[in-house]
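Chemist: Sending over a structure as structure tokens; questions will come in a sec.
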Amino acid sequence: MTTAIVYYSKHHGNTKKVLDAISENDPVTLIDITKAQNVDFTGYDLIGIASGIYYGKFHSSILQFVKNNLPCGKSVFFLFTCGAKKESYLNSIKTIATQKSLKIIGSFGCLGLDTFGPFQLIGGIAKGHPNQTDFDMAIQFYRTILSKQH
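As structure tokens, this is what we get:
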């Protein structure tokens, strides 16, 4: 089973830290959408979509990338980092996935340092995250969805 994870990670690099933990333990191809223009997904069985949360949703760049580049019908999973966890963060990406007939097989979110707006005045929220526990949970999530695909 071959996996690609497309991602957008900015500010503190929280999302990239989680993806690095996964890729150090399991073979995945990480694709930074700020550096990749045209990606051929035909060789991948599974596609992860990862982002920090910006204004309550995945970053607009990753949403646009998924709309324009992901082939219809692929199996996908979502990963995100955020200052405070809410299930509604997935609404916009799930809508796009449904429109493209993507098969959603799971999602994982964990806390990540957030210093946006007024949070910078107090040094941010979710300090110390993502941490080793978050990394371990992300790795376990990935291995669980992989095992369900076989």
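Note that the sequence shown covers residues 1093 to 1242 in this note's numbering. C-beta: ideal position from N, C-alpha, C; glycine also. For clarity, every value in this text was computed on a predicted model and none was experimentally measured.
1) Select from Ala1096, Lys1102, Ile1237 the residue whose C-alpha is nearest the C-alpha of Ser1153.
2) Which same chain residues, not among the five before or five after Leu1122, have their C-beta less than 6 angstroms away from its C-beta?
3) Would Thr1107 and Ala1142 be called neighbours here (beta carbons separated by less than 8 angstroms)?
4) Can you check which of these residues, Lys1240, Leu1194, Cys1174, is closest to Ile1145 by C-alpha distance?
5) If you draw a straight line from the C-alpha of Leu1138 to the C-alpha of Met1093, how long is it?
6) Measure the beta-carbon distance from Gly1148 to Ser1180 and round it to whole angstroms, keeping in mind my assumption that it falls under 8 angstroms.
7) Rounded to a whole number of angstroms, what is the C-alpha to C-alpha distance between Asp1132 and Leu1162?
8) Drop a sphere of 10 angstroms on the beta-carbon of Pro1228, count the other beta-carbons inside from all chains shown, and report buried for 16 or more, exposed for fewer.
9) Do you know whose CA, among Phe1169, Phe1150, Phe1157, lies nearest Lys1178's CA?
10) Going by beta carbon distance, what residues of the same chain come within less than 7 angstroms of Ser1193, once the five residues before and after it are set aside?
11) Grab me the residues of Thr1126's own chain with a C-beta within less than 8 angstroms of its C-beta, minus the 5 sequence neighbours each way, in chain order.
12) Using a threshold of 8 angstroms, state whether the C-beta atoms of Phe1172 and Gly1198 are closer than that.
13) Excluding the 5 residues flanking Phe1233 on each side, which residues of the same chain have their C-beta closer than 6 angstroms to its C-beta?
14) Less than 8 angstroms separating the beta-carbons of Arg1235 and Asp1118?
Modeler: So, from the listed chains and residues:
1) Lys1102
2) Ile1097, Leu1111, Ser1115
3) yes
4) Ranking Lys1240, Leu1194, Cys1174 by CA distance to the CA of Ile1145 puts Cys1174 first.
5) 7 angstroms
6) 7 angstroms
7) 9 angstroms
8) The residue you asked about is not Pro; residue 1228 is Asp in the sequence shown. Exposed, since its Cβ has fewer than 16 Cβ neighbours within 10 Å.
9) Ranking the options by Cα distance to Lys1178, first place goes to Phe1150.
10) Cys1164, Gly1165
11) Residues of the same chain with a CB within less than 8 angstroms of the CB of Thr1126, apart from the 5 flanking positions on each side, are Tyr1100, Ser1153 in chain order.
12) No, the Cβ-Cβ distance between Phe1172 and Gly1198 is not below 8 angstroms.
13) Phe1200
14) yes
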